[in-house]
Amino acid sequence: MLRRDRWRLGLVAIVVVAALVTVFPISGKINLGLDLKGGAHIVLQAKESEDSKVTEDSIERLLAVLRNRVDQYGVAEPVIQREGRDRVIVDLPGIQDPDAALELIGKTAELEFRSVIEATAAVPPGPQRPNYDSDEEFQRAETRWNEARSQIEAAREALAKRSEEITGSRVSRDDEGRYYLLGPVLVSGKDLVDAKTRYDNLGRPVVGLTFSSEGAKLFDRATADNVGRQIAIVLDGVVISAPVVQERITGGNAQISGRFSAAEASRLSIMLRAGALPIAVEVIENRSVGPSLGEDSINSGIRAGLIGASLVFLFMLLYYRTLGIAADAALAVAILLVFAGLISLKATLTLPGIAGIVLTIGMAVDGNVLIYERMREETRAGKTPLAAIDAGFKKALTTILDANITTLIAAAVLFYFGSGPVRGFAVTLSIGIVASVFCNVLVTRALLQYFIGGRGAAGSLLPRS
Amino acid sequence: MRISNINFMQHRKTALLLSLVCVVASLGLIFFKGLNLGIDFTGGNVVQAEFAQPTAIEDIRQVLNSVGQGGSVIQSYSERGVIIRISANEEEARKQAVNALRTKFPGIQIIRLEKVGPVVGAELRQEAFIALILALAGILAYITVRFQFRFAVVSVAALLHDAVITLGIFSITGMEISSSFIAAILTIVGYSLNDTIVVLDRIRENWKNLRREGIVDLLNNSINQTISRTINTSVTTLLPVVALYVWGGEVLRSFSFALLVGILVGTYSSIYVASGLLAEWWMKSPQKG
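If you read the sequences in order, they're chains W and G.
So in this note's numbering, the last spot in the first sequence is 465, and the numbers never skip.
So in this note's numbering, the last spot in the second sequence is 289, and the numbers never skip.
Here is the structure:
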């Protein structure tokens, strides 16, 4: 080995050692995307309405309320961030029940107590064919049901007309399809200080409320005025329950009993504790991946990567023999560098990102193939092995750079425009390109020089076939 | 490998014609048959579920029918696993459908849910379009600077050829196009270029012999000099992509299929489309140099 070429081997050794130190032990060092570890990715869009405008302030308050809710729900490492003017991204890793999470963050949770002025009947459940003996009977039942429904619709319209005459009133329905004409707000969620899940004496979950002193006063008066009448508990415009007030309630405690499960009651109390969203939101994107699927994806990605890499290793060995060893060593270093790059850039590894790594394995040896084919040409043209190696590297270098820079341009565009997983792909692809060029040009060359230095001659390296 | 001496350019007119037919057919397919755009682009609801026992698609459809989602697309990827694209866009419809399935098949596990609003889908379509245009412009500029304008034009023609034919094949097979497809297309573009540039690079190197050899021989020699590299690189790139396709799991299947098609077409186009066009163009209007 020539003295002036020693720096190359030294540089490669330093890089490899640094990469090894960065990568090992690997467990827990790579940020996995939600598609790999499982979780929910939810994008909310603030909806502007007459009551609530999208402003800096309302979005900031929206973020605060969401953080509060998610924290209380107990998600490890959630990400809640603003995107653009009026969007919020919520990432919840490891969520088991995405629907529950969606309920928790997507609901405004505006609580109101209003007096019930009038109510319609509930819509009866629709007839089911198996409960009837003949088609005719079933049809008659259906007609009756439709009539009942249209009667209730008519009643709703009458309520809506009356509602226009009473200031502050509104018409709301409950989940049985009953409509209520409700009086003005008596007490609202603003006056709450606490909400907790409790159980009533039948063991059903209820939400216990504690009012502030101001709220307690309002609630005291509201119950006093309405003894023997119904007060509706309205959440986000829907009546949850409308109990009849038995007696005046002092002391600022109340409870909401609806037909909810323990999990629903606990979600509701979290939402009430954290306060209502300052502005209505709409879920415009929701991607949830179960932890088992994420694990599956990692496993199949690793399997595909290992098989693909083995095939490439084998091909290079069979085709290029001794030179193949250098190429394979360079490829191994390239894969190591990709992981080191991912870790030190704190990039997030996504499923397409794994695909990017697998793809890199195939494209990484391209540089070596270019160099080796050049070297063969030079040998055929009658150059000595050492000169052939020199010329091979020199001539292949511009080609390698030109070919890879164009791919890098495409990857850069992907990174700039892509979102989420596509971005992850662009990152791994870019890191892969840089790592493989480094390995083609420096690692292979250092190894070949080492081989030649060791043997004193490189005749067997380049068979003249 | 022996030094090959194949007269590639002999068949350039046939090849260019074949490519033209394929591109026109692909464009026709894309316009008339259309592409199976995934919910990333159109908006919608997708549910991936695994049942406790092997379950017939018919039974699943019946359950969906009962909640008014009979038009859903149900695709099974294993005995127990299905991907359901629910026909309605609303979150409510999805919840209803999932609840109905849970009631009917108690052991069901919902392993993936995706909902994309129509606005997001439209934004993504626009972004994908801008990304492709920008990538092409950047590449065109780079090759023009490093080579010459003609080389840039023929390599961009070659990669457009590859991208359009890949889209055409997706149109025929009806495979779904998701957002990772943009990544696949841009990778194909990168690969196709990589391949084309190696050939063009050799042509540039041999350019000094133009007067002596004439354009056709020059191109033939350049292709022959690089053909073993072209084949080897295609093989080493195809090996992992095939591994991805076979063992990479359901979510990556259409992505790896796009890569598979793109690499095969890209290898062909770097020889025939790029070089063939260069030959025709040169013979029509040779330029001093």
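Yeah, the Cβ is synthetic: ideal placement off N, Cα and C, and Gly gets one too.
Review point. What first and last residue would you give for the beta strand (DSSP E) that runs through residue 113/G?
Key: On the second sequence, residue 113/G is found 113 positions in, with the first residue counted as 1. Its beta strand (DSSP E) spans residues 109–116.
Practice item. Would you identify the three-state DSSP class for residue 119/G, choosing helix, strand or coil? Key: One-based indexing of the second sequence puts residue 119/G at position 119. Helix, per DSSP.
**Study point:** Three-state secondary structure assigned by DSSP to residue 217/G
**Key:** As a position in the second sequence, residue 217/G is number 217, starting the count at 1. DSSP places residue 217/G in helix when its eight states are reduced to three.
Point to revise | Contact list for residue 307/W against chain G, beta-carbon separation under 7 Å | key: By one-based count along the first sequence, residue 307/W stands at place 307. Simply 243 and 247.
Exercise for review: Report the neighbours of residue 146/G on chain W: residues whose CB is nearer than 8 Å to its CB, in chain order.
Suggested key: In the second sequence, the residue the question calls residue 146/G occupies position 146. Those are 402, listed as they occur along chain W.
Point to revise | Top-ranked residue by Cα proximity to residue 348/W, from 24/W, 33/W and 27/W | key: One-based indexing of the first sequence puts residue 348/W at position 348. Residue 33/W is the option with its Cα nearest to residue 348/W.
Review point. In chain order, which alpha helix (DSSP H) runs of at least 4 residues are fully inside the stretch 196–260 of chain G?
Key: 210–247
Check your understanding: In its own chain, which residues sit with a C-beta less than 7 Å from the C-beta of residue 170/W, not counting the 5 before and 5 after it?
Key -> In the first sequence, counting from the first residue as 1, residue 170/W sits at position 170. Exclusion of the five residues before and after residue 170/W leaves 163 and 182 as the residues of its chain whose Cβ lies within less than 7 Å of its Cβ.
**Study point:** Minimum C-alpha distance to residue 54/G - residue among 196/G, 45/G, 81/G and 245/G
**Key:** In the second sequence, residue 54/G corresponds to position 54, counting from 1. Comparing Cα-Cα distances from residue 54/G to each of 196/G, 45/G, 81/G and 245/G, the minimum goes to 81/G.
Review point. Candidates 274/W, 438/W and 240/W: which alpha carbon is nearest residue 327/W's?
Key: Along the first sequence, read from residue 1 onward, the residue named residue 327/W stands at position 327. The shortest C-alpha separation from residue 327/W is found at 438/W.
Check your understanding: Would you call the stretch 44–61 of chain W and the stretch 76–90 of chain W touching, i.e. three or more CB-CB distances under 8 Å?
Key -> With the cut-off at 8 Å, the stretch 44–61 of chain W and the stretch 76–90 of chain W touch.
Exercise for review: Could you work out which residue in 301/W, 288/W and 280/W is closest to residue 249/G when comparing CA atoms only?
Suggested key: Taking the second sequence and counting its residues from 1, the one referred to as residue 249/G is at position 249. Ranking the options by Cα distance to residue 249/G, first place goes to 301/W.
**Study point:** Cutoff 7 Å; reference residue 390/W; Cβ partners in own chain excluding five residues on either side
**Key:** By one-based count along the first sequence, residue 390/W stands at place 390. Here the set comprises nothing.
Check your understanding: Can you list, in chain order, the stretches of the alpha helix (DSSP H) that have 4 or more residues and sit fully within the stretch 180–254 of chain W?
Key -> You should have 213–225.
Exercise for review: Determine the burial state of residue 187/W: buried for a count of at least 16 other Cβ atoms within 10 Å of its Cβ, exposed for fewer.
Suggested key: For the purposes of this step, residue 187/W is identified with residue 187 of the first sequence, where counting begins at 1. Buried, by the Cβ-count rule.
**Study point:** Per DSSP, cross-strand counterpart(s) of residue 75/W
**Key:** Along the first sequence, one-based indexing puts residue 75/W at 75. None, per the DSSP bridge assignment.
Review point. DSSP three-state call for residue 456/W: helix, strand or coil?
Key: Indexing the first sequence from 1 puts residue 456/W at position 456. The predicted position of residue 456/W is uncertain, since its pLDDT is 46 and thus under 50; a value taken from the coordinates is nonetheless stated next. Three-state DSSP puts residue 456/W in coil, outside helix and strand.
Check your understanding: How should residue 131/W be labelled, buried or exposed, when 16 other C-beta atoms within 10 angstroms of its C-beta is the threshold for buried?
Key -> Looking up residue 131/W in the first sequence gives position 131. Its Cβ having fewer than 16 others within 10 Å, residue 131/W is exposed.
Review point. Is there a Cβ from chain W that is less than 7 Å from the Cβ of residue 89/G?
Key: Residue numbering aside, residue 89/G sits at position 89 when the second sequence is read from its first letter. No - not a single Cβ of chain W is within 7 Å of the one on residue 89/G.
**Study point:** Proximity test, Cβ basis, 7 Å: residue 165/W and chain G
**Key:** Locating residue 165/W in the first sequence gives position 165, where the first residue counts as 1. False, the Cβ-Cβ gap to chain G never drops below 7 Å.
Check your understanding: the stretch 273–294 of chain W: which residues have C-beta closer than 8 Å to a C-beta of chain G, in chain order?
Key -> 282, 283, 284, 285, 286, 287, 288, 289, 290, 292 and 293
Practice item. State the Cα-Cα distance for the pair residue 1/G and residue 372/W, rounded to the nearest angstrom. Key: Sequence index remark: in the second sequence, residue 1/G carries index 1 (1-based). Sequence index remark: in the first sequence, residue 372/W carries index 372 (1-based). For residue 1/G, the predicted model reports a pLDDT of 46, less than 50, meaning its position is unreliable and no value from the coordinates is stated.
Review point. Taking the alpha helix (DSSP H) that residue 10/W falls in, what are its first and last residues?
Key: If you number the first sequence from 1, residue 10/W lands on position 10. 6–23 is the extent of the alpha helix (DSSP H) around residue 10/W.
Check your understanding: With 7 Å set as the bound, which would you pick, yes or no: does the beta-carbon of residue 150/W sit closer than that to a beta-carbon of chain G?
Key -> By one-based count along the first sequence, residue 150/W stands at place 150. No, residue 150/W lies away from the interface with chain G (no Cβ there is under 7 Å from its Cβ).
**Study point:** Start-to-end residues for the alpha helix (DSSP H) that takes in residue 346/W
**Key:** By 1-based counting over the first sequence, the position of residue 346/W is 346. Looking at the DSSP string, residue 346/W is not in any alpha helix (DSSP H), and its letter there is neither H nor E.
**Study point:** Straight-line Cα distance separating residue 108/G from residue 106/W
**Key:** Here the question's residue 106/W lines up with position 106 in the first sequence. Here the question's residue 108/G lines up with position 108 in the second sequence. If you take the alpha carbons of residue 106/W and residue 108/G, they lie about 25 Å apart.
Point to revise | alpha helix (DSSP H) runs wholly inside the stretch 23–88 of chain G, at least 4 long, in chain order | key: 39–42 and 57–66
Practice item. Please check if any C-beta of chain G sits within less than 7 Å of the C-beta of residue 212/W. Key: Position 212 of the first sequence, counted from the first residue, corresponds to residue 212/W. Residue 212/W has a beta carbon lying at 7 Å or more from every beta carbon in chain G.
Practice item. Kindly indicate if chain G contains any beta-carbon less than 7 Å away from that of residue 33/W. Key: On the first sequence, residue 33/W is found 33 positions in, with the first residue counted as 1. Judged by the 7 Å Cβ criterion, residue 33/W is not in contact with chain G.
Exercise for review: Following the continuous alpha helix (DSSP H) through residue 275/G, name the residue where it begins and the one where it ends.
Suggested key: Working through the second sequence from its first residue, we reach residue 275/G at position 275. Residue 275/G -> alpha helix (DSSP H) spans 275–284.
Point to revise | Nearest-angstrom beta carbon gap, residue 30/G and residue 179/G [assumed within contact, 8 Å] | key: Locating residue 179/G in the second sequence gives position 179, where the first residue counts as 1. Locating residue 30/G in the second sequence gives position 30, where the first residue counts as 1. Contact between residue 179/G and residue 30/G does not hold, since the beta-carbon distance rounds to 18 Å and is not under 8 Å.
Point to revise | Boundaries of the beta strand (DSSP E) in which residue 280/W is found, first to last residue | key: For the purposes of this step, residue 280/W is taken as the residue at position 280 of the first sequence. It spans 280–289 - the beta strand (DSSP E) in which residue 280/W sits, taken as one unbroken run.
Practice item. Can you check the stretch 26–65 of chain W for any alpha helix (DSSP H) of at least 4 residues that lies completely inside it and give the ranges in chain order? Key: 34–37
Check your understanding: In the stretch 374–452 of chain W, which residue ranges form an unbroken beta strand (DSSP E) of at least 3 residues, counting only runs that do not cross its ends?
Key -> none
Review point. So, using beta-carbon positions, are residue 234/G and residue 267/G closer together than 7 Å?
Key: As a working note, residue 234/G is residue 234 in the second sequence. As a working note, residue 267/G is residue 267 in the second sequence. Closer than 7 Å, so yes.
Practice item. Spell out whether any CB of chain G is found under 7 Å from the CB atom of residue 205/W. Key: For the purposes of this step, residue 205/W is identified with residue 205 of the first sequence, where counting begins at 1. Chain G, which has no Cβ nearer than 7 Å to the Cβ of residue 205/W, makes this no.
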